[in-house]
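Sequential numbering of the sequence shown, starting at 93, is according to my numbering.
In what follows, a single structure is set out as structure tokens and then discussed.
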Amino acid sequence: MLKCDCLGGLGGSWSPTAHARITSVRRDERRRLAGAFATLEAGGSAAEGDLALWDVPACRFRGDLVQARACDDLAGCAAVLATLERVAAERRTGHLVGLFTRAEEVGLRGASVVGRERLLPEDALVVAVETSSFAGGRAVQGGGPIIRVGDALHIFSPALTQWMTALAQELSSEEGDGFSWQRRLMDGGVTEATAYDLYGYETGAACIALGNYHNAGPRGRVRAETVHLGDLEGLVRLFERMHREAPRSGRALPALLRRYDRLGREAAPLLRGS
């Protein structure tokens, strides 16, 4: 049986009013969780509008690991806010927007409205910020921020992705072991970058590795989600560099093309001669 906390409704207290044990679950045709039945423990009460949350720590730190009821997407929000704070503190010039959307888990609805209604500047460089499950060897938690080239449905802008990759390489070259990063597909789910890219925005994505995605721990147990503080700090540092270098964002892909153009010119006579 699984245990959850029942919290008072939106107009009341947010402290637990009861504990309940889930006695059975209902799944849809795709075996996804569609509902559950729970029994309140003695002395507890719950009313329509109350929330039920998993009985795991709201937030605690274990070394460099953050264990929380919800890291997804609070960690991404924290990265955006930290970036805005640092850029503002250093009084840097430039146009930087932190966009916080709603209804991501039920079909990227907030991002779809933004794209459809053209709420961002047409020349915006859009970077979707998330946490993403590293289960199945998709990434390494503690291995640094992840430049996400795509998700389970879509591949993002090659030009923006290459620029982000070049900046991460610069940071790593400058600082050696002081800056680690990863480049991955992260196909465990779908990110808002898909919506923005399909609507024609120049779009990339960055994330950090998430443990116990959606509170699903090992052996079917409910566990707190986890993120690594080093990954979070690295993500903010990457964003700071992106803000600084944004005016030169269009140079990365042409530079890569020049490299292969040179190789092609050198190889052409050799290949013709063979």
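Backbone N, C-alpha and C fix where the C-beta goes; we use that ideal spot for every residue, glycine too.
> Which residues share a DSSP beta bridge with L125?
Replying inline: R119
> What is the rounded straight-line gap between the Cα of H306 and the Cα of E358?
Replying inline: 52 Å
> Is the beta carbon of K119 sitting closer than 7 Å to the one on A128?
Replying inline: Here residue 119 turns out to be Arg, not Lys, going by the sequence shown. The Cβ atoms of R119 and A128 lie no closer than 7 Å to each other.
> For the candidate residues D323, L166, R178 and E197, whose alpha-carbon lies nearest to that of A231?
Replying inline: D323
> If you compare alpha carbons, which of V328, G135 and R208 is closest to G190?
Replying inline: V328
> For D147, which of R113, A167 and A216 has the nearest alpha-carbon?
Replying inline: R113
> Are A110 and G141 close, meaning C-beta to C-beta below 7 Å?
Replying inline: no
> Straight-line CA distance for E317 to C151?
Replying inline: Near 9 Å, if we compare the C-alpha coordinates of C151 and E317.
>> Among R343, E332 and T283, whose alpha-carbon lies nearest the alpha-carbon of A180?
In response: E332
>> On the DSSP letters alone, give me the boundaries of the alpha helix (DSSP H) that W255 sits inside.
In response: P250 to E267
> How should M93 be labelled, buried or exposed, when 16 other C-beta atoms within 10 angstroms of its C-beta is the threshold for buried?
Replying inline: At M93 the pLDDT is 44, less than 50, meaning the model places this residue with poor confidence; the figure from the coordinates comes in the next sentence. It counts as exposed.
> By the 10 Å Cβ neighbour count, where 16 or more other Cβ atoms means buried, how is P149 classified, buried or exposed?
Replying inline: exposed
>> To the nearest angstrom, how far is the alpha carbon of V205 from that of L363?
In response: 52 Å
>> Using only CA atoms, which one of L330, P339, Y352 and G365 lies nearest to A174?
In response: L330
> So who's on the other strand from T131, going by DSSP bridges?
Replying inline: Answer by DSSP bridge pairing, in chain order: R113.
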